[in-house]
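Asks: Just passing along the structure, written as structure tokens.
Numbering (the numbering used here), first residue to last: 42 to 227.
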């Protein structure tokens, strides 16, 4: 019950922060570019640091089993949402330009920002570690399939875009530090 109370409390704090930000932006105290800048700070600095920090734990067989399960569940969840998105797009009577966005919206939620915070509140640091591994296939999928679904006009994704995004880099760095065999912790 205390986890639920903590989650509700943190969600209320996030709501208050959002309302303050909205009010400040509406009154032109903050410039238009604030949303973009704050998103970049969270995406490229704060979230990767949190992921790396949460992975500074000792490696164990139990942890490896948990991560393996999470990777399997992640693939299963993405396969299910992809199928649901495809079927719903086919059944919806949408203009061709809107089909891709509709399908992508069904497949890809906003678990990137809120997922980490909720996992941390419920499970602590290990929750961030689990979320980072759960999200690894999601990140690859977003950088490949979502571009295909939305564009559908032959746009290509480079390997650099696929591998050098903040979530994949932070998870890779953090997971390499997770192993006590390597003996390095950040």
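Just so you know, even glycine gets a beta-carbon here, dropped at the ideal spot from N, CA and C.
Taking only the alpha-carbon atoms, compute the straight-line gap between residue 214 and residue 72 and give it to the nearest angstrom.
Replies: Position 173 of the chain shown, counted from the start, is the residue given in the question as residue 214. Position 31 of the chain shown, counted from the start, is the residue given in the question as residue 72. C-alpha separation (whole angstroms): 34 Å.
Asks: Note the first and the last residue of the continuous alpha helix (DSSP H) segment covering residue 149.
Replies: The residue you call residue 149 lines up with position 108 of the chain shown. Run containing residue 149: none; DSSP gives neither H nor E here.
Asks: Helix, strand or coil: which one does DSSP assign to residue 133?
Replies: Taking the first residue of the chain shown as position 1, residue 133 is located at position 92. Here residue 133 sits in coil by DSSP.
Asks: Which residues in the same chain have their Cβ closer than 6 Å to the Cβ of residue 168, if we skip the five residues on either side of it in sequence?
Replies: Start at 1 with the first residue of the chain shown, and residue 168 comes out as number 127. Excluding sequence neighbours, residue 168 sits near 160 and 161.
Asks: Tell me the DSSP secondary structure of residue 72 in three-state form.
Replies: Mapped onto the chain shown, residue 72 falls at position 31. Reduced to three states, the DSSP call for residue 72 is coil.
Asks: Quick check: what's the CA-CA separation for residue 217 versus residue 57?
Replies: Numbered from 1 along the chain shown, position 176 holds the residue referred to as residue 217. Numbered from 1 along the chain shown, position 16 holds the residue referred to as residue 57. Cα to Cα, the separation comes out at about 37 Å.
Asks: Starting from residue 95 and walking both ways along the alpha helix (DSSP H), at which residues does that stretch end?
Replies: Along the chain shown, one-based indexing puts residue 95 at 54. Element bounds for residue 95: 88-95.
Asks: Whose C-beta lies closer than 6 Å to the C-beta of residue 84 among residues of the same chain, with five residues either side of it excluded?
Replies: To locate residue 84, count along the chain shown from 1; it is residue 43. Around residue 84: 207.
Asks: Where does the unbroken alpha helix (DSSP H) through residue 100 begin, and where does it stop?
Replies: Your numbering for residue 100 matches position 59 in the chain shown. Looking at the DSSP string, residue 100 is not in any alpha helix (DSSP H), and its letter there is neither H nor E.
Asks: Just the C-alpha distance for residue 126 and residue 146, rounded to the nearest angstrom, thanks.
Replies: In the chain shown, the residue the question calls residue 126 occupies position 85. In the chain shown, the residue the question calls residue 146 occupies position 105. One C-alpha to the other measures close to 8 Å.
Asks: Assuming the contact rule is C-beta atoms closer than 8 Å, residue 174 and residue 108 should be a hit. Round their C-beta distance to whole Å, please.
Replies: Counting from one through the chain shown, the residue named residue 174 turns up at place 133. Counting from one through the chain shown, the residue named residue 108 turns up at place 67. Yes, residue 174 and residue 108 are in contact; Cβ-Cβ is about 5 Å, under 8 Å.
Asks: Can you tell me whether DSSP reads residue 205 as helix, strand or coil?
Replies: The residue you call residue 205 lines up with position 164 of the chain shown. Correct three-state label for residue 205: coil.
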